[in-house]
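Here the sequence shown stands for residues 9 to 290, where the numbers follow my numbering.
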Amino acid sequence: MHGFTEPDSGFLNIYSKRSDHWRRQKPQQVMVRNKYYHQSWVPEGVDPNVLEKRLGNELEPKGLSSLRRLVASPNELDDADTANILQYLEFQRIRVPRQADMAKELAKTAITMEMMKTAEGQQALALGRVVVKDSFRFEFMRTAMGSISPYFGRMVWEVVSSEEGAEFLTSDSPVSFCNIDFPPPTEAGIGLYGTVVLFPLDSRHLLLLKHPEFERGEKRSSDQLPRSLDHEDGVVEVRTGAVWDREGVGRHNRVMYQLSQDVVVASSKSTLDAAVEKVTVG
Numbered sequence: 009m010h011g012f013t014e015p016d017s018g019f020l021n022i023y024s025k026r027s028d029h030w031r032r033q034k035p036q037q038v039m040v041r042n043k044y045y046h047q048s049w050v051p052e053g054v055d056p057n058v059l060e061k062r063l064g065n066e067l068e069p070k071g072l073s074s075l076r077r078l079v080a081s082p083n084e085l086d087d088a089d090t091a092n093i094l095q096y097l098e099f100q101r102i103r104v105p106r107q108a109d110m111a112k113e114l115a116k117t118a119i120t121m122e123m124m125k126t127a128e129g130q131q132a133l134a135l136g137r138v139v140v141k142d143s144f145r146f147e148f149m150r151t152a153m154g155s156i157s158p159y160f161g162r163m164v165w166e167v168v169s170s171e172e173g174a175e176f177l178t179s180d181s182p183v184s185f186c187n188i189d190f191p192p193p194t195e196a197g198i199g200l201y202g203t204v205v206l207f208p209l210d211s212r213h214l215l216l217l218k219h220p221e222f223e224r225g226e227k228r229s230s231d232q233l234p235r236s237l238d239h240e241d242g243v244v245e246v247r248t249g250a251v252w253d254r255e256g257v258g259r260h261n262r263v264m265y266q267l268s269q270d271v272v273v274a275s276s277k278s279t280l281d282a283a284v285e286k287v288t289v290g
């Protein structure tokens with residue numbers, strides 16, 4: 009979040025879709041859920057904050073360091089940097105409340121449908137409802153890790169800059185998927201050739217990931233990749249030098265706003281206002 013602060017004050021400009029409210033806050037106060045990674049149910053002797061400590065000591069520092077190198081010195085990226093970025097992007101995708109809430113809803117629906125197949129299950133549903141505990145969120149993160157990074161690893165990476173006076177915003181869903189056949193707020197799956205990954209790095213830089221087959225015109229945007237990826241280890245193609253004008257940056261910001269769960273963040277209120285106004289007006 010520090011890359012999206014006001015240059016002079018260090019504050020973030022924040023807009024909430026749910027409350028239709030704008031505010032300014034310091035980065036450490038934004039999008040914070042108390043004890044979000046605290047696991048109170050772990051056995052005695054196991055640190056309930058082990059995940060948060062690992063994130064703070066390993067995954068986040070390594071990922072951010074490699075992303076800074078991607079922007080400043082892309083030719084110096086090594087295998088460790090690539091692995092750090094892949095892991096960081098994947099966890100940034102699945103860790104957010106939007107993805108956790110979606111996974112819990114899918115689990116609840118699946119359990120309910122299974123219970124409806126028997127008379128006993130139907131009777132139980134008539135007396136109560138299915139509740140998915142918060143601990144399922146950790147099971148979701150555990151099983152999901154490793155399922156998205158193979159797609160990221162086969163894509164073309166492009167670091168895009170904004171022209172002077174234009175700035176990218178970010179959101180509570182910072183790693184977002186966009187496909188022209190599924191306009192926002194619908195979010196397409198990563199397994200479609202036309203799906204593009206958007207990850208704002210800071211107010212002046214965006215990481216854009218694209219499947220090469222769609223970019224070359226070999227596949228349509230809604231064509232599906234094979235369920236089992238046959239992808240050998242290789243070199244990730246990294247591109248730099250592209251500069252988006254104000255209109256291009258604005259289109260991206262509107263997409264990020266529509267794909268956010270609630271909160272969007274920028275280094276200026278005018279950037280937020282432009283994205284919200286354009287989407288609201290249509």
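Glycine included, every Cβ here is placed at the ideal spot set by N, Cα and C.
Per DSSP, residue i forms a beta bridge with which residues?
| i | result |
| --- | --- |
| LEU94 | None, per the DSSP bridge assignment. |
| VAL204 | CYS186 and LYS218 |
| SER179 | VAL272 |
With C-beta atoms as the reference, is residue i less than 7 Å away from residue j?
| i | j | result |
| --- | --- | --- |
| SER309 | ARG212 | No answer is possible for residue 309: it lies beyond the span of the chain, which begins at 9 and ends at 290. |
| MET163 | LEU217 | yes |
| SER73 | VAL271 | no |
| THR279 | PRO82 | no |
| SER268 | PHE12 | no |
| LEU94 | GLY161 | yes |
| VAL251 | ALA174 | no |
| VAL273 | SER181 | no |
| ALA283 | ARG262 | yes |
| VAL79 | VAL167 | yes |
| ASN92 | LYS116 | no |
| ALA108 | ARG145 | yes |
| LEU177 | MET264 | yes |
Report all residues from its chain with a CB closer than 7 Å to the CB of residue i; omit the five preceding and five following residues, and keep chain order.
| i | result |
| --- | --- |
| GLN266 | PRO192, PRO193 and VAL287 |
| THR90 | VAL244 |
| SER229 | ASN187, ILE188, ASP189, LEU200, TYR201, GLY202 and PHE222 |
| GLN232 | GLY199 and LEU200 |
| HIS294 | Nothing about residue 294 can be reported from this structure: the residues present for the chain run from 9 to 290 only. |
Between residue i and chain C, is any beta-carbon pair separated by less than 7 Å?
| i | result |
| --- | --- |
| ALA250 | Looking at the structure shown, chain C is missing, and only one protein chain is on hand. |
Any chance the CB of residue i is under 6 Å from a heavy atom of the ligand PLP?
| i | result |
| --- | --- |
| LYS218 | Summarising the ligand content, the structure contains no ligands, and the ligand PLP is consequently not present. |
Starting from residue i and walking both ways along the alpha helix (DSSP H), at which residues does that stretch end?
| i | result |
| --- | --- |
| ARG77 | 68-80 |
The beta strand (DSSP E) that contains residue i, what's its start and end?
| i | result |
| --- | --- |
| LEU305 | Only positions 9 to 290 of the chain appear in the structure, and residue 305 is not among them; the question remains open. |
| SER24 | 20-24 |
| GLN33 | 29-33 |
Spatial neighbours of residue i within its chain, please: C-beta separation below 6 Å, excluding the five flanking residues on both sides.
| i | result |
| --- | --- |
| VAL183 | LEU97, GLN100, ARG101 and PHE207 |
| MET153 | none |
| PHE148 | ALA111 |
| MET121 | none |
So, for residue i: in the same chain, excluding its five sequence neighbours on each side, which residues have a beta-carbon less than 8 Å away from its beta-carbon?
| i | result |
| --- | --- |
| MET124 | GLN130 and LEU133 |
| LYS227 | TYR201, GLY202, HIS219 and GLU221 |
| GLN33 | PHE19, LEU20 and ILE22 |
| ALA196 | PHE185, CYS186, ASN187, ASP189, PHE190, GLY202 and THR203 |
### Within the region 98-175, ranges of the alpha helix (DSSP H) (whole runs, at least 4 residues)
For the region 98-175, whole alpha helix (DSSP H) runs of length 4 or above, ordered along the chain, are 105-123, 127-135, 143-152 and 157-162.
### Query
Residue ranges of each alpha helix (DSSP H) run of no fewer than 4 residues wholly in the region 207-277, ordered along the chain?
For secondary structure counted as the alpha helix (DSSP H) over 4 or more consecutive residues, the region 207-277 holds these complete runs in sequence order: 220-223 and 254-267.
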